[in-house]
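For the sequence shown, the positions run 4 to 191 when my numbering is used. Backbone N, C-alpha and C define an ideal beta-carbon position, used for all residues, glycine too.
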Amino acid sequence: MGGRKGRAPLPTKAEIREFIRDSAGPVGKREIARAFQITGSQRIALKAMLKELAAEGALERRQGRRYARPGTLPAVAVLEVSGTDLDGELLARPAAWTEEAEPPHIYVADRGEHLEPALEAGDRVLARLRHLPDDTYEARVIRRLARRPRRVVGVLRPAGAGAARIEPTNRRERAELVVGPRDMGDAR
């Protein structure tokens, strides 16, 4: 006679943190529940535990109700090439890094097919990221993105209080630039 199996005990916070740390990317409640064989009313307790871990800062809630370790990067991101290390490896940093902590080290891997021209400091790329065991990332370039313009030709319009706006003459450049009073020089 087959009886119902005993319920699996609810995992500890440390076990949940370890599971998320060892996962390839952000995980949802469903994956966590499946990994620890949590069913029914235990899911409510799991949800509360995940909320507590997020409030403590041990987990970061991501888009799509998924959880990840704080400070980890998504699988695909826009990167800005920052230079090379002592070994000549190309380094990059996330283009939209808002945290106070220093961004993780990201090494740009050679795709085999060479980009023409070669990547240099300041170039922006869309890359697939892979988290390495030593808390660094390997980036594989998906495509090169348009570089931010170094020079802008446009019409200077006064904006009041000694400041001005530059309206670019190139239609591809949609954003206007603001020039502060200190930077006006002899421009009129």
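Who pairs with R131 in a beta bridge, going by DSSP? The residue given as residue 131 occupies position 128 in the sequence shown. According to DSSP, R131 bridges with V79, R143.
Environment of D113 [buried if 16+ CB atoms lie within 10 Å]: Here residue 113 corresponds to residue number 110 of the sequence shown, with the count starting at 1. When all chains shown are included, D113 counts as exposed.
Can you tell me whether DSSP reads I47 as helix, strand or coil? Numbered from its first residue, the sequence shown carries residue 47 at position 44. In the structure shown, I47 sits in a helix (DSSP, three-state: H, G or I).
Proximity to A173 [Cα-Cα], best of T15, V182, L180, V155: Indexing the sequence shown from 1 puts residue 173 at position 170. The residue you asked about is not Ala; residue 173 is Asn in the sequence shown. Residue V155 is the option with its Cα nearest to N173.
What is the residue span of the alpha helix (DSSP H) that R68 lies within? Indexing the sequence shown from 1 puts residue 68 at position 65. Looking at the DSSP string, R68 is not in any alpha helix (DSSP H), and its letter there is neither H nor E.
R96 to G43 span [Cα, whole Å]: Reading the sequence shown from its first residue, position 93 is the one you call residue 96. Reading the sequence shown from its first residue, position 40 is the one you call residue 43. Answer to the nearest angstrom: the Cα atoms are 43 Å apart.
According to DSSP, which residues form a beta bridge with P73? Taking the first residue of the sequence shown as position 1, residue 73 is located at position 70. None, per the DSSP bridge assignment.
Per DSSP, L180 is paired with what? Taking the sequence shown and counting its residues from 1, one reaches residue 180 at position 177. DSSP, once it has assigned bridges, lists I169 as partnering L180.
Within this structure, are the beta carbons of V181 and A190 separated by less than 9 Å? Residue 181 sits at position 178 when you count from the first residue of the sequence shown. Residue 190 sits at position 187 when you count from the first residue of the sequence shown. Not a contact, by the Cβ cut-off of 9 Å.
According to DSSP, simplified to helix, strand and coil, what is I41? Here residue 41 refers to the residue found at position 38 of the sequence shown. The answer is coil: DSSP assigns I41 none of H, G, I, E or B.
The alpha helix (DSSP H) that contains A17, what's its start and end? The residue labelled residue 17 in the question sits at position 14 within the sequence shown. Counting along the chain, the alpha helix (DSSP H) containing A17 begins and ends at 16-25.
Coil, strand or helix - L122 by DSSP: In the sequence shown, counting from the first residue as 1, residue 122 sits at position 119. Three-state result, L122: coil.
Among residues of its own chain, excluding the 5 on either side of R160, which ones have a beta-carbon nearer than 8 Å to its beta-carbon? Counted from its first residue, the sequence shown places residue 160 at position 157. Around R160: A167, R168, I169, E170.
For G163, list the residues DSSP reports as bridge partners. Numbered from 1 along the sequence shown, position 160 holds the residue referred to as residue 163. DSSP, once it has assigned bridges, lists A166 as partnering G163.
For L56, does the three-state DSSP call read helix, strand or coil? What you label residue 56 is simply residue 53 of the sequence shown in a count that begins at 1. It is helical.
V3: buried (16+ other C-beta within 10 angstroms of its C-beta) or exposed? An answer regarding residue 3 cannot be provided, because it is not within the stretch 4 to 191 covered by the chain.
Whole angstroms are fine: how far does the CA of A80 sit from the CA of G5? On the sequence shown, residue 5 is found 2 positions in, with the first residue counted as 1. On the sequence shown, residue 80 is found 77 positions in, with the first residue counted as 1. Caution applies to G5, whose pLDDT of 48 falls short of 50 and renders its modelled position unreliable; the value that the coordinates give is listed next. Taking the straight line from one Cα to the other gives about 50 Å.
Assess contact between the segment 78-93 and the segment 130-139, defined as three or more Cβ pairs (one per stretch) separated by less than 8 Å. Is contact present? yes
Span of the beta strand (DSSP E), counted from its first residue to its last, around P2: Past the edges of the chain, shown from 4 to 191, lies residue 2, and the structure says nothing about it.
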